[in-house]
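Residue numbering for the sequence shown follows the numbering used here, beginning at 22 and increasing consecutively.
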Amino acid sequence: MARVQLIMPDKDRDRFVHQARSEGMTLSAWLRAAAHQRLGLQQESRPFQTAGDLRDFFRQCDELEGPPTEPDWEQHLQLIGQSRGRGSSGT
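Right, here's the structure in full:
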């Protein structure tokens with residue numbers, strides 16, 4: 022197994038160690054998991070190569086479950102108003 026040395030600010034190291042411990046991991050294991058996660062995200066997203074790729078993407082989006090139409094603008098405004106009113110005393 023290879024050994025890798027990292028140079029980072031003490032503040033970052035402290036934050037990483039704290040998070041690793043809260044997840045029940047060593048710093049080394051936590052950093053490996055973070056690196057694997059980042060690699061996975063990079064491999065999942067690839068740029069469109071052709072117009073056909075783009076059409077396939079939008080076809081897949083259309084097949085996802087969801088409402089058949091967007092709410093109209095008045096419904097959006099009403100929802101925004103309700104959200105702004107939450108937590109206020111109303112006075």
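Backbone N, C-alpha and C fix where the C-beta goes; we use that ideal spot for every residue, glycine too.
Keep in mind the model is a prediction, meaning the values are calculated, not measured.
So residue i is in the alpha helix (DSSP H); what residue range does that whole segment cover?
| i | result |
| --- | --- |
| Gly87 | From DSSP, Gly87 is part of no alpha helix (DSSP H); its letter is neither H nor E. |
| Ala23 | Counting along the chain, Ala23 falls outside any alpha helix (DSSP H), and DSSP gives it neither H nor E. |
| Arg36 | 31-43 |
| Gly102 | 94-106 |
| Gln63 | 48-65 |
Kindly list the residues whose CB is nearer than 8 angstroms to the CB of residue i, restricted to its own chain and excluding five residues on each side of it in sequence; keep chain order.
| i | result |
| --- | --- |
| Glu84 | none |
Sorted by chain position, which residues of the same chain lie with C-beta nearer than 7 angstroms to residue i's C-beta, five sequence neighbours on each side aside?
| i | result |
| --- | --- |
| Leu75 | Phe69 |
Give me, in chain order, the residues of the same chain whose beta-carbon lies closer than 6 angstroms to that of residue i; leave out the 5 immediate sequence neighbours on both sides.
| i | result |
| --- | --- |
| Gln103 | none |
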